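Take a look at the structure set out below.
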Amino acid sequence: MSTSSHYQQHYQAAINTPDAFWQQQAARLSWYKTPHNTLQQQDADHYQWFSDGVLNTAYLALDYHIEQGRGEQTALIYDSPVTNTKQRFSYRALRDEVAQFAGVLKALGVTKGDRVVIYMPMIPQAAIAMLAVARLGAVHSVVFGGFSAHELALRIDDACPKVIVSASCGIEISKLIAYKPLLDDAINKASHKPGYCVIYQRPQLRADMQSGRDLDWQLAAAKAEPAGCVPVKATDPLYVLYTSGTTGKPKGVVRDNGGHAVALNYSMQAVYNAKAGDVFWAASDVGWVVGHSYIMYGPLITGCTTVLYEGKPVFTPDAGAFWRVCAEYGVNILFAAPTAFRAIRKEDPDAALQRYDLSALHTIFMAGERLDPATYDWVSEKLQKPVIDHWWQTETGWPIAANPTGIELMPVKPGSSTLPVPGFNVQILDDNGQQLRANEQGYIALKLPLPPGCLTTIWGNDQRFVDGYLRSFPGYYASGDGGYIDQDGYLFVMGRTDDVINVAGHRLSTGEMEQIVASHPAIAECCVIGIHEPIKGQQPLALVLIKNGIDVDETILEAELVAMVRQEIGALACFKQAIIVTRLPKTRSGKILRKLLRQIAAGSEYSVPSTIDDPASLPEIAALMHNRGLVSPV
Numbered sequence: 004m005s006t007s008s009h010y011q012q013h014y015q016a017a018i019n020t021p022d023a024f025w026q027q028q029a030a031r032l033s034w035y036k037t038p039h040n041t042l043q044q045q046d047a048d049h050y051q052w053f054s055d056g057v058l059n060t061a062y063l064a065l066d067y068h069i070e071q072g073r074g075e076q077t078a079l080i081y082d083s084p085v086t087n088t089k090q091r092f093s094y095r096a097l098r099d100e101v102a103q104f105a106g107v108l109k110a111l112g113v114t115k116g117d118r119v120v121i122y123m124p125m126i127p128q129a130a131i132a133m134l135a136v137a138r139l140g141a142v143h144s145v146v147f148g149g150f151s152a153h154e155l156a157l158r159i160d161d162a163c164p165k166v167i168v169s170a171s172c173g174i175e176i177s178k179l180i181a182y183k184p185l186l187d188d189a190i191n192k193a194s195h196k197p198g199y200c201v202i203y204q205r206p207q208l209r210a211d212m213q214s215g216r217d218l219d220w221q222l223a224a225a226k227a228e229p230a231g232c233v234p235v236k237a238t239d240p241l242y243v244l245y246t247s248g249t250t251g252k253p254k255g256v257v258r259d260n261g262g263h264a265v266a267l268n269y270s271m272q273a274v275y276n277a278k279a280g281d282v283f284w285a286a287s288d289v290g291w292v293v294g295h296s297y298i299m300y301g302p303l304i305t306g307c308t309t310v311l312y313e314g315k316p317v318f319t320p321d322a323g324a325f326w327r328v329c330a331e332y333g334v335n336i337l338f339a340a341p342t343a344f345r346a347i348r349k350e351d352p353d354a355a356l357q358r359y360d361l362s363a364l365h366t367i368f369m370a371g372e373r374l375d376p377a378t379y380d381w382v383s384e385k386l387q388k389p390v391i392d393h394w395w396q397t398e399t400g401w402p403i404a405a406n407p408t409g410i411e412l413m414p415v416k417p418g419s420s421t422l423p424v425p426g427f428n429v430q431i432l433d434d435n436g437q438q439l440r441a442n443e444q445g446y447i448a449l450k451l452p453l454p455p456g457c458l459t460t461i462w463g464n465d466q467r468f469v470d471g472y473l474r475s476f477p478g479y480y481a482s483g484d485g486g487y488i489d490q491d492g493y494l495f496v497m498g499r500t501d502d503v504i505n506v507a508g509h510r511l512s513t514g515e516m517e518q519i520v521a522s523h524p525a526i527a528e529c530c531v532i533g534i535h536e537p538i539k540g541q542q543p544l545a546l547v548l549i550k551n552g553i554d555v556d557e558t559i560l561e562a563e564l565v566a567m568v569r570q571e572i573g574a575l576a577c578f579k580q581a582i583i584v585t586r587l588p589k590t591r592s593g594k595i596l597r598k599l600l601r602q603i604a605a606g607s608e609y610s611v612p613s614t615i616d617d618p619a620s621l622p623e624i625a626a627l628m629h630n631r632g633l634v635s636p637v
C-alpha cells in the first residue's frame with residue numbers, strides 16, 4: 004500500500020497530530036461554545052476530549068438543519084410491515100414532536116444529568132424519546148424492548164432513572180409482546196423506584212395504567228409546553244448503554260456529548276461516505292449501539308434521511324423485505340449484520356426475490372459479528388454492489404476498522420475489516436503485551452488515547468472500566484478480540500479471544516475454521532467451538548445449518564468438511580466432527596452464543612441469557628451432542 008495514499012495521510016495525521024486533526028473535525032459542528040482544549044489527559048487511564056466545549060446533541064440532530072433551510076427534508080422514515088404502517092417525519096415535524104415530548108419530561112422534573120430509561124419497540128416514539136432526553140441535557144439509557152423483567156430491573160437499579168418511557172406492546176411476526184407487565188414486574192423487583200412511567204399506547208394492545216405513577220404519552224404530550232435545548236458540556240454524558248459483562252452484571256457504557264457528536268459526524272463522512280440528503284438505513288434496533296450511532300445520531304447529525312424499520316429480514320412477508328425497503332425509499336447506504344444476509348440467503352439462496360430497483364443503493368456495510376467470506380461472496384455476487392466489512396464495539400461507538408469509502412476505497416480482502424479508521428491506533432500484542440509482527444495472531448488492542456466518541460467510563464463503576472479494559476496491557480485498551488494484521492496493514496478479526504482454541508499446544512482460531520466450513524455450497528451458516536479432548540486438550544466441533552431445499556447425507560457432509568479444513572489448515576487442526584442443526588442459539592442482535600455452546604459441550608451448568616432469541620435451540624443441540632458422545636462429564 005502506498006504511504007502517500009489519501010487514506011495514509013488521514014491516518015497519520017490522526018495518529019501524529021491528534022489535537023489538530025480532531026480540532027478540524029470539531030469545527031464541522033455548530034457549538035454553543037467552540038472548544039479550544041481538544042485533548043487533555045487527566046491521569047494514566049483517563050482522557051477528555053473538547054472539555055471546554057458546550058453544545059446540545061439534539062440541536063445538532065434537528066434544529067441546526069432547520070436553521071440551514073432543510074426543515075422540510077424527510078428526517079425519519081418509519082416502515083413497519085408487522086403493523087402495515089408507514090410514516091415520514093420532516094426535520095421540522097420531528098423537531099416539534101421531540102420538543103413537545105421534552106416538555107412532558109420537563110414537567111415531570113427531568114433536568115440536566117437525570118437519567119431516563121427507555122424501554123421501547125422499534126417505533127418513532129423511541130427515537131423521539133431519545134432525542135427529547137438529549138434535548139433536556141439528561142441521560143438516556145435505552146433497554147432493548149422485550150428484555151426480561153429481571154434484566155430490566157438490573158438496569159433500573161444501576162441507572163436510577165427519574166422516569167421510564169415505554170410502550171404498551173412490541174410486535175413480532177405472529178405475536179404481540181405486552182411490555183407493561185414486564186415493566187411493572189421489573190419495577191417491583193428493582194430497589195430503585197422511578198417517579199413516573201410514560202406509556203405510549205399502541206392500538207394493537209392497550210396497557211393497564213397505575214394511578215399516580217403512569218402517564219399516557221398521547222394525553223401528556225397534548226398538554227405539554229414545548230421545551231428548548233439545554234446547553235451541556237462536551238464531557239457531560241449523553242447516554243448509558245448496557246452491554247453484557249463476564250460477571251453477568253451488565254456494564255453501563257458511558258458516552259459523552261462532544262466526542263460522540265464529532266466522531267459520528269466524522270465517521271458518516273469518512274467511513275460511510277454519507278452526505279446531507281442521503282437515505283441511510285441501519286437495519287438494527289435502537290436498543291443496540293448500532294441503533295444509537297447509525298439509526299439515530301449519526302444520520303441525523305449529518306442531515307441524512309434515516310430509516311426506522313419494525314420487521315425482520317425474512318418472513319415480513321418474505322426474504323425480499325430488505326430489497327423492498329431499499330427500493331421504496333431510495334436507500335443509498337444499507338448497514339446490517341451478516342446474520343441478516345445469511346437469513347435471506349437461507350430462505351432465498353438464488354436471490355429470486357431481489358426483483359426490486361436497487362439503483363439508488365451504492366454501498367452495503369456489515370458489522371456486529373465476523374463477516375464470513377461465503378456471505379460476503381454471496382451478497383457481492385447477487386447485488387453487484389460494494390460490500391464493506393467493518394469492525395467496532397459497543398464500547399467504541401463507531402468503527403475501529405473499515406474500508407474508508409469517504410476517504411479512499413481500498414481493495415477488499417474477504418475476511419478482513421480492511422484498515423484501522425483514522426484515530427484508532429490498532430496493535431496486535433502477545434501475552435506479555437509485546438507487539439507482534441505481520442500475520443502473527445494475538446490480542447487486538449488499541450493504543451491510548453482512544454479517539455473521541457469511545458466510552459469514557461462504566462456508569463457508577465470507574466474501577467470496572469479500568470480493570471476490565473485498561474489493565475491487561477498498560478497503555479492500551481484491550482478489545483477482547485483476537486486477530487492479526489497482514490503485511491498490507493489489513494486487520495483480520497478472528498473472534499473473541501476466548502474463541503481461540505488450543506489443540507495440542509497449537510493456538511487455532513475457530514473463526515478461521517468457520518470461514519472454511521461456511522464456504523461449502525450446502526452450508527447456510529455455521530459455528531465452530533472448542534470441545535474437550537483428553538489427549539490434545541481441545542478439538543473443534545462444527546454446528547452447521549443447511550440451505551433450504553438441499554438434501555445432504557450428514558456422514559458425507561462431515562467427511563467433506565473434514566477434508567476441507569485439513570486442506571486449508573492442516574491435520575493439526577484435528578477437525579473431525581460436524582453436526583447438522585436446525586438453528587443456532589443467538590442473541591436478538593444476531594450474535595451466536597458460542598460461550599453457551601461451549602458450556603453445553605463441557606457438561607457444565609449454564610444459565611440461559613436474557614438476550615437469547617430462541618431458547619428452544621439449546622435442548623436440541625444438547626441432545627445432538629449427547630447422541631454423539633461429545634458432552635464431557637462434569
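Those letters in the sequence shown? Residues 4 to 637, by this note's numbering.
Glycine included, each C-beta is placed from N, C-alpha and C at the ideal position.
Just so it is clear, the structure is predicted and the values come from calculations on it, not from any experiment.
Assess, as a yes-or-no matter, whether the stretch 261-268 is touched by the stretch 160-180 under the definition of 3 or more beta carbon pairs within less than 8 Å. Here the stretch 160-180 makes no contact with the stretch 261-268; the two share fewer than three CB pairs at distances below 8 Å.
Checking contacts by CB at 7 Å: is Pro425 closer than that to chain D? Judged by its chain identifiers, the structure shown contains no chain D, having just a single protein chain.
Identify, in the order they occur along the chain, each residue of the same chain with its Cβ nearer than 6 Å to the Cβ of Asp22, setting aside the five sequence neighbours on each side. Within the sequence shown, the letter at position 19 stands for residue 22. The residues are Thr41 and Leu42.
Ignoring anything shorter than 3 residues or poking outside the stretch 363-396, list the beta strand (DSSP E) runs there in chain order. The beta strand (DSSP E) runs of length 3 or more contained entirely in the stretch 363-396 are, from start to end of the chain, 366-369 and 390-392.
May I have the straight-line CA-CA distance separating Gly74 from Glu557, to the nearest angstrom? On the sequence shown, residue 74 is found 71 positions in, with the first residue counted as 1. On the sequence shown, residue 557 is found 554 positions in, with the first residue counted as 1. Taking C-alpha positions only, Gly74 is separated from Glu557 by approximately 59 Å.
Terminal residues of the continuous beta strand (DSSP E) containing Ile336? Sequence index remark: in the sequence shown, residue 336 carries index 333 (1-based). Ile336 to Ala339 is the extent of the beta strand (DSSP E) around Ile336.
Tell whether a beta-carbon distance below 7 Å holds between Val531 and Thr513. On the sequence shown, residue 531 is found 528 positions in, with the first residue counted as 1. On the sequence shown, residue 513 is found 510 positions in, with the first residue counted as 1. It is a contact, given that the beta carbons lie within the stated cut-off.
Pull up the distance between the alpha-carbon of Ala64 and that of Gly56, whole angstroms please. Taking the sequence shown and counting its residues from 1, one reaches residue 64 at position 61. Taking the sequence shown and counting its residues from 1, one reaches residue 56 at position 53. Just so you know, the alpha carbons of Ala64 and Gly56 end up roughly 17 Å apart.
Beta-carbon separation (whole angstroms), Met123 vs Ala132, contact threshold 8 Å: Locating residue 123 in the sequence shown gives position 120, where the first residue counts as 1. Locating residue 132 in the sequence shown gives position 129, where the first residue counts as 1. At roughly 7 Å, the Cβ-Cβ gap stays under 8 Å, so Met123 and Ala132 are in contact.
Is it true that the CB of Gly426 sits closer than 7 Å to the CB of Pro1? In the structure displayed, the chain extends from 4 to 637; residue 1 sits before or after that span and is not available.
Just to confirm, is the Cβ distance from Leu439 to Ile431 under 7 Å? As a working mapping, residue 439 is identified with position 436 in the sequence shown. As a working mapping, residue 431 is identified with position 428 in the sequence shown. When the beta-carbon positions are compared, Leu439 and Ile431 come within less than 7 Å of each other.
Residue range of the alpha helix (DSSP H) that Thr513 falls in? Here residue 513 refers to the residue found at position 510 when the sequence shown is read from its first residue. Here the alpha helix (DSSP H) through Thr513 covers Thr513 to Ala521.
Once you ignore the five residues that flank Pro622 on each side, which residues in its own chain have a CB closer than 6 Å to its CB? Here residue 622 refers to the residue found at position 619 of the sequence shown. So no residue of the chain qualifies.
Taking 7 Å as the cut-off, decide whether the C-beta atoms of Ala346 and Val317 are in contact. Along the sequence shown, one-based indexing puts residue 346 at 343. Along the sequence shown, one-based indexing puts residue 317 at 314. Closer than 7 Å, so yes.
Taking contact to mean at least 3 C-beta pairs separated by less than 8 Å, is the stretch 205-215 in contact with the stretch 96-109? Too few Cβ pairs lie closer than 8 Å, so no.
Can you tell me which of the three DSSP states Asn464 falls into? Here residue 464 refers to the residue found at position 461 when the sequence shown is read from its first residue. The answer is coil: DSSP assigns Asn464 none of H, G, I, E or B.
At the level of alpha carbons, what is the spacing between Leu546 and Ile582? Indexing the sequence shown from 1 puts residue 546 at position 543. Indexing the sequence shown from 1 puts residue 582 at position 579. Approximately 5 Å, taken between the alpha carbons.
Enumerate, from N- to C-terminal direction, the unbroken beta strand (DSSP E) stretches of 3 or more residues contained entirely within the stretch 166-241. Taking only runs of at least 3 residues, the beta strand (DSSP E) segments lying wholly in the stretch 166-241 are 166-170, 172-174, 179-181, 199-203 and 217-219.
To the nearest angstrom, how far is it from the Cα of Lys115 to the Cα of Arg597? Here residue 115 is taken as the residue at index 112 of the sequence shown, counted from 1. Here residue 597 is taken as the residue at index 594 of the sequence shown, counted from 1. Those two C-alpha atoms are separated by around 40 Å.
Apart from the five residues just before and just after Gly198, which ones in its own chain have a Cβ nearer than 8 Å to its Cβ? The sequence position of residue 198 within the sequence shown is 195, counting from 1. The beta carbon of Gly198 sits closer than 8 Å to the beta carbons of Leu111, Gly112, Lys165, Val166 and Arg216 from its chain, once the five residues preceding and following it are set aside; these are given in chain order.
Which class does Thr614 belong to by DSSP, given the choice of helix, strand or coil? The residue you call residue 614 lines up with position 611 of the sequence shown. In the structure shown, Thr614 sits in coil (DSSP, three-state: anything other than H, G, I, E or B).
Under the rule that 16 or more other beta-carbon atoms within 10 Å means buried, what is His153, buried or exposed? Working through the sequence shown from its first residue, we reach residue 153 at position 150. It is exposed - the Cβ of His153 has fewer than 16 other Cβ atoms within 10 Å.
Is Val145 helix, strand or coil when you go by DSSP? In the sequence shown, residue 145 corresponds to position 142, counting from 1. Correct three-state label for Val145: strand.
As assigned by DSSP and simplified to three states, the class of Leu548: Within the sequence shown, numbered from 1, the residue matching residue 548 stands at position 545. Look at Leu548 here: in three-state DSSP terms it is strand.
Asn276 classed as buried or exposed, judged by whether at least 16 other C-beta atoms fall within 10 angstroms: Along the sequence shown, one-based indexing puts residue 276 at 273. Counting the other Cβ atoms within 10 Å of the Cβ of Asn276 gives 16 or more, which makes it buried.
Which residues in the same chain as Val520 place their Cβ atom closer than 8 Å to its Cβ, once the five residues preceding and following it in sequence are excluded? The sequence position of residue 520 within the sequence shown is 517, counting from 1. Result list for Val520: Ile526, Cys529, Val531, Ala545, Val547, Leu564, Met567, Val568 and Ala581, in chain order.
Given a cut-off of 7 Å, decide if Tyr300 and Phe338 are closer than it, judged by their beta-carbon atoms. Locating residue 338 in the sequence shown gives position 335, counting from the first residue. Locating residue 300 in the sequence shown gives position 297, counting from the first residue. Contact flag unset, no.
Mind the definition here: the stretch 272-287 touches the stretch 182-202 only if three or more C-beta pairs lie below 8 Å; say whether that holds. In short, these stretches do not touch, since the Cβ pair count stays below three.
Leu155, buried or exposed, once every other Cβ within 10 Å from all chains shown has been counted against 16: As a first step, residue 155 must be located in the sequence shown, where it is residue number 152. Leu155 sits buried, since 16 or more C-beta atoms from the chains shown fall within 10 Å of its C-beta.
Nearest-angstrom Cα distance between Gln641 and Arg586? The question about residue 641 has no answer here: the residues shown for the chain are numbered 4 through 637.
Does DSSP classify Gly498 as helix, strand or coil? If you number the sequence shown from 1, residue 498 lands on position 495. In the three-state scheme derived from DSSP, where H, G and I count as helix and E and B as strand, Gly498 is classed as strand.
Using DSSP bridges, identify the partner residues of Pro543. Numbered from 1 along the sequence shown, position 540 holds the residue referred to as residue 543. In DSSP, Pro543 forms a bridge with Gly533.
Considering only residues of the same chain and omitting the five flanking positions on each side of Thr590, which have a CB-CB separation below 7 Å? Here residue 590 corresponds to residue number 587 of the sequence shown, with the count starting at 1. So the qualifying residues of the chain are Leu596, Thr614, Ile615 and Asp616.
Going residue by residue through the stretch 588-633, where are the continuous alpha helix (DSSP H) segments of at least 4 residues, counting only ones entirely within it? As far as the stretch 588-633 is concerned, its whole alpha helix (DSSP H) runs of at least 4 residues are 597-605 and 620-630.
In whole angstroms, what is the alpha-carbon distance linking Tyr62 and Ala210? Numbered from its first residue, the sequence shown carries residue 62 at position 59. Numbered from its first residue, the sequence shown carries residue 210 at position 207. Each residue's alpha carbon lies about 33 Å from the other.
Could you tell me the boundaries of the beta strand (DSSP E) in which Val568 lies? Numbered from its first residue, the sequence shown carries residue 568 at position 565. First-last for Val568: Glu557 to Glu571, but that is the alpha helix (DSSP H), not the beta strand (DSSP E).
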